[in-house]
Amino acid sequence: MIKIAILGFGNIGSGVAQAIELNQDKIVQATGEKIELKYIVDIADLSASPYCDRVVRDFAVVEQDPEISIVVETIGGQRVAYDYTRRALLAGKNVVTSNKELVSEKGYELQQIAKEKGVNYLFEAAVGGGIPILRPLTQCLAINHIREIYGILNGTTNYILTRMFGENAGFEEALREAQALGYAEANPQADIDGIDACRKIAILADLAFGVNVSPAQIYTEGIRRITVADTEFARQNGYVVKLLGRAVKRADGKIYALVAPHLIEKTRPIAAVSGVFNGICVNGDLVGETMFYGSGAGKLPTASAVTGDILDIVRRQGTCCTASWSEGRADYVADLDEMNLAYFIRVHAQDAVRFQKAFPDAQPFGICGDSAGFLTEVLPTVQVNSRLEALSSKGVEILSKIRKL
Ligand code: HSE
39 MIKIAILGFG NIGSGVAQAI ELNQDKIVQA TGEKIELKYI VDIADLSASP YCDRVVRDFA
99 VVEQDPEISI VVETIGGQRV AYDYTRRALL AGKNVVTSNK ELVSEKGYEL QQIAKEKGVN
159 YLFEAAVGGG IPILRPLTQC LAINHIREIY GILNGTTNYI LTRMFGENAG FEEALREAQA
219 LGYAEANPQA DIDGIDACRK IAILADLAFG VNVSPAQIYT EGIRRITVAD TEFARQNGYV
279 VKLLGRAVKR ADGKIYALVA PHLIEKTRPI AAVSGVFNGI CVNGDLVGET MFYGSGAGKL
339 PTASAVTGDI LDIVRRQGTC CTASWSEGRA DYVADLDEMN LAYFIRVHAQ DAVRFQKAFP
399 DAQPFGICGD SAGFLTEVLP TVQVNSRLEA LSSKGVEILS KIRKL
């Protein structure tokens, strides 16, 4: 019998308890063992919960109990979660988490502690909810030099974009729905402003390229500036607009890392990822492009990934299967000005001719309402910016500027 503790009994924590109870047969089949939830550590009033007999307030009870070999951290955030995770690892316990904030900020340090102690710190659920991505990336695709990893990493914003621009819902209405469905972060600004996706692409970059990337090194832009006009231009010209996290390896070993809205050709598989679903594409030198797709948020999909990690630990009892990466460097993430990209640009219709003089090779996307859209050729971003600045100084207002994938 494997005894575990769950720290934080909210949406995901209670989902893990439910998953263990519902699918105990699969646990036994996969591991030959049963899993018992011995403790729940939470400060909330859980007296109405069927698990109320297991609630303890003091984490020290878990820390000091030699029967507990696996701790599930679903508290979220950094403060308490960091303290408990550190202490659990130092006490020689395996830790499994869905906490992308903590993994992206402190994962390197916590992984070092796990390695020293010969235990695991696993976080499959931290990226892509229920989608298996970290283990395929670090195991099945380990032979590949990864060239690029990009994806729709935030279910809430993808849900909002799908509802607003495909189905004419208002922003607030779409956000409320995403919250009611349990997709959004406690503070949904983390979703809307791309912060959640930034944490996830940081983790993916750590594992794909083997060097730590901190969220602070990643350019992050959310969905607030996307307008109906942008999506209409996109639609009329065979594109969709999606919020992407991207990490791209350069020939000199540095990477570009960013979160931003992108124009994507409708024919690309990732363009079809709608609603709360996530899609993650990994481009490796041997495998080419692969795509991982599924529920990127939600109670049971996320619990599925958490319990998958638990089972992996049980199966490998006594061994460490933790992936590792090296310490980061300030100059490892390259300046995005150096990135070669095509951009969708929208200007007032009256400025279309002046725009075309500055970007003679840009493809016209037509007129929609009183604005004109263009897709530039692939250019160094610094050049796009300097031409746009020159236009602005002559009174041309740049209404939208969206990268093309
Ligand atoms: N708020 C996150 C999302 C939850 O919407 O994707 C899953 O990480």
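Numbering (the numbering used here), first residue to last: 39 to 443. For glycine and all other residues, C-beta sits at the position ideal for the given N, C-alpha and C.
Closer than 7 Å to some heavy atom of the ligand HSE: that describes the Cβ of Lys-138. C-alpha of Gln-177 to C-alpha of Gly-404: approximately 46 Å in a straight line. For Gly-283, the enclosing beta strand (DSSP E) covers residues 277 to 287. Taking 7 Å as the cut-off, one finds at least one heavy atom of the ligand HSE near enough to the beta carbon of Gly-167. The C-beta distance from Gly-167 to Asn-316 rounds to 7 Å, short enough to meet the 8 Å contact threshold. Taken through DSSP and simplified to helix, strand or coil, Gln-388 comes out as helix. For Lys-439, the enclosing beta strand (DSSP E) starts and ends at 436 to 442. When Gly-46, Arg-173, Thr-194, Ile-58 are compared, the shortest CA-CA separation from Gly-334 is found for Thr-194.
Straight through space, the alpha carbons of Ile-171 and Ser-312 are spaced by roughly 18 Å. Counting along the chain, the unbroken alpha helix (DSSP H) around Arg-425 starts and ends at 419 to 431.
Annotation for His-183: Asp-323 place their beta carbon closer than 6 Å to its own, counting only its chain and skipping 5 residues before and after. A distance below 8 Å between beta-carbons, with the five flanking residues on each side excluded, links Ala-129 to the following residues of its chain, in chain order: Glu-101, Gln-102. Looking at the DSSP output, Gln-401 shares a beta bridge with Leu-413. In this chain, the beta strand (DSSP E) harbouring Asn-132 covers 132 to 135. Inter-segment contact for the segment 201 to 218 and the segment 241 to 260 is absent: fewer than three beta-carbon pairs are separated by less than 8 Å. Secondary structure note for Gly-332: its beta strand (DSSP E) is the uninterrupted segment 326 to 333.
Under the three-pair Cβ rule at 8 Å, the segment 238 to 249 counts as touching the segment 352 to 364. With a threshold of 16 other beta carbon atoms within 10 Å, Ile-44 meets it and is buried. Proximity of the beta carbon of Gly-51 to the ligand HSE is not indicated: no heavy atom of the ligand is located closer than 7 Å. Here the C-alpha atom of Lys-337 lies approximately 8 Å from the C-alpha atom of Gly-51. In the structure shown, Leu-191 falls within a coil segment according to DSSP collapsed to helix, strand and coil.
Rounded to the nearest angstrom, the Cβ distance from Arg-384 to Ala-267 is 6 Å, consistent with a contact under 8 Å.
Taking 7 Å as the cut-off, one finds no heavy atom of the ligand HSE near enough to the beta carbon of Gly-326. Of the residues Thr-135, Lys-280, Phe-330, the one whose Cα lies closest to the Cα of Phe-47 is Thr-135. If you keep only unbroken beta strand (DSSP E) runs of at least 3 residues inside the segment 90 to 148, you get 106 to 111, 132 to 135. The three-state reading of DSSP puts Ile-198 in helix, counting H, G and I together. Distance from the CA of Val-157 to the CA of Lys-131, rounded to the nearest whole angstrom, comes to 6 Å.
Beta-bridge partners assigned by DSSP to Phe-382: Leu-413, Ile-440. For Leu-175, no beta strand (DSSP E) segment is defined, and its DSSP state is neither H nor E.
Contact annotation, Leu-148 with Leu-127: C-beta distance approximately 6 Å; criterion of less than 8 Å satisfied. Here the alpha carbon of Ser-409 sits roughly 36 Å from the alpha carbon of Glu-327. Put simply, the backbone Cα of Ala-343 is about 18 Å away from that of Thr-123.
Ala-372 and Tyr-294 have their C-alpha atoms some 5 Å from each other.
Taking 7 Å as the cut-off, the C-beta of Asn-192 counts as close to a heavy atom of the ligand HSE. With contacts defined as CB atoms closer than 8 Å, Gly-346 and Phe-382 fail to qualify as a contacting pair.
Here Lys-439 is not near Leu-429, since their CB atoms are 8 Å or more apart.
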